Ligand SMILES: Cc1cc2nc3c(=O)[nH]c(=O)nc-3n(C[C@H](O)[C@H](O)[C@H](O)COP(=O)(O)OP(=O)(O)OC[C@H]3O[C@@H](n4cnc5c(N)ncnc54)[C@H](O)[C@@H]3O)c2cc1C
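Residue numbers (the working numbering): 81 to 462.
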């Protein structure tokens, strides 16, 4: 008989329970609408470690920010290759330069997984927001082993993953530095897989997938899945909060009080000049002296920000996302293998027709629109 680690619909898919189980009795199943961590009773040793590490059973404390800033990496190349202001990449680079290890998310073998880097070259693969639920399977043990050897480790991840790392390393976290991202919510990788399949792209053979346009992608042939000026359906449904897993809509980390040493996001609502906003501006919330340590000497330009203005736009600093219309039907359809495209048509018939019209005009060379700001869009690199 299988038992669940978490209460129904609460599993974040953080994988900490699977990593800690000494009997390998826990598996996390991606059911598209939700994640579910299951215990195989036949193998279970009844040690309860899975629940002791689980953030639903042991929620780590949240802390109010000591201060908040907006800014960007002073190195123009770092800023240009990143999703917001390049703060994560600048902090990573400094941490590695000081002899530390950084654990964060990369695209490998068709999946968004976690890797540990101790060289600038390897850490380059971390750059960029991946708008999908990543899997830290295996990362917890690696980080704890490094900490046990006396190494300094920086973990950059979604807030639920940072919370899980905090629980996993409880008691040996003196040299652990946690950075989380402001997070709107994250879809199951099966949603992205379904979208890409229909576009004829097999994630396993792709070199990279990017979610926010970087003009002139370095190091590969970047293929646009939709023409400029037309939004792809994966991104539209992500932005409309339709595709996240159940737990995201009740996320305890979608708040101004944070679980990490530092939080990074977009300084939407910033009143800095439009030229700077076009290049991307990071929002930085610092909760602890360790967070301050990460900022010192990271090569960041930081300035004051009106946090009330930012919160009005970046609502996930106040409360979790509200479920977008048609979510259940769409995700059930994806789970059953129905076509992504036809389900989007049912959900947004008028938008679907408008987009088809634009596509036809584009094919005839009559439609071209460049976006003002960095565009949110799925692009693949072969
Ligand atoms: C699913 C998701 C939802 C987000 N929603 C919001 C939002 O609503 N509001 C907001 O202000 N910001 C949001 N962000 C954060 C924003 O997109 C940027 O990632 C953040 O501002 C850092 O930008 P940067 O230029 O400093 O980072 P970069 O230098 O581009 O580095 C990004 C870092 O984040 C890590 N990372 C990226 N994607 C993932 C992932 N899926 N799982 C774990 N780690 C990852 C990378 O490995 C890297 O270390 C979201 C990010 C994600 C992944």
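Ideal Cβ positions, reconstructed from N, Cα and C, are used throughout, including at glycine.
Keep in mind the model is a prediction, meaning the values are calculated, not measured.
The closest heavy atom of ligand 1 lies 8 Å or more from the beta carbon of residue 86. Closer than 8 Å to some heavy atom of ligand 1: that does not describe the Cβ of residue 90. Within a 10 Å sphere around the beta-carbon of residue 239 sit 16 or more other beta-carbons, which makes this residue buried. Within a 10 Å sphere around the beta-carbon of residue 393 sit fewer than 16 other beta-carbons, which makes this residue exposed.
Residue pairing by DSSP leaves residue 330 without any beta bridge partner. Ligand 1 has a heavy atom closer than 8 Å to the beta-carbon of residue 348.
In the DSSP assignment, residue 240 falls within the alpha helix (DSSP H) that extends over 239–248. Look at the beta carbons and you see the region 137–155 touching the region 336–343: at least three pairs across the two are nearer than 8 Å. Our two residues, residue 161 and residue 210, have alpha carbons roughly 13 Å apart in a direct line.
Rounded to whole angstroms, the separation of the alpha carbons of residue 273 and residue 255 is 37 Å. In the structure shown, the three-state DSSP call for residue 174 is helix. According to the DSSP assignment, residue 459 belongs to the beta strand (DSSP E) that extends over 456–461. Under the three-state reduction of DSSP, residue 99 is assigned to helix.
Distances between the C-beta of residue 167 and the heavy atoms of ligand 1 include at least one below 8 Å. In the DSSP secondary-structure assignment, residue 179 is not bridged to any residue. Within its own chain, the residues whose Cβ lies closer than 6 Å to the Cβ of residue 221, once the five positions on either side in sequence are excluded, are 99, listed in chain order. Residue pairing by DSSP places residue 260 opposite 237 and 343 in a beta bridge. Of all alpha-carbon atoms in 165, 247, 331 and 159, the one lying nearest the alpha-carbon of residue 361 is that of 165. In the structure shown, residue 117 adopts extended strand secondary structure according to DSSP, grouped into three states. Our two residues, residue 94 and residue 396, have alpha carbons roughly 19 Å apart in a direct line. Distances taken from the Cβ of residue 198 to the heavy atoms of ligand 1 include none shorter than 8 Å. In terms of CA proximity to residue 259, 371 leads the group 155, 371, 322 and 230. Burial state of residue 430 is exposed, judged by a 10 Å Cβ sphere holding fewer than 16 other Cβ atoms. Per DSSP, residue 430 is one residue of the alpha helix (DSSP H) stretching across 429–443.
In this structure, ligand 1 has no non-hydrogen atom nearer than 8 Å to the beta-carbon of residue 366. Note on residue 398: under 16 other CB atoms within 10 angstroms of its CB, so exposed under the neighbour-count rule. When 204, 148, 415 and 173 are compared, the shortest CA-CA separation from residue 346 is found for 148. At least one heavy atom of ligand 1 lies less than 8 Å from the C-beta of residue 396. In the three-state reduction of the DSSP assignment, residue 361 falls in the coil class, being assigned neither a helical nor a strand state. Residue burial annotation: residue 326 is buried, with at least 16 other C-beta atoms found within 10 angstroms of its C-beta. For residue 292, no alpha helix (DSSP H) encloses it; the enclosing beta strand (DSSP E) starts and ends at 288–292. At a threshold of 8 Å, residue 185 counts as near ligand 1, since its beta carbon sits closer than that to one of the ligand's heavy atoms.
For residue 263, the distance from the CB to the nearest heavy atom of ligand 1 is below 8 Å.
When C-alpha distances from residue 285 are compared across 432, 88 and 188, the shortest belongs to 188.
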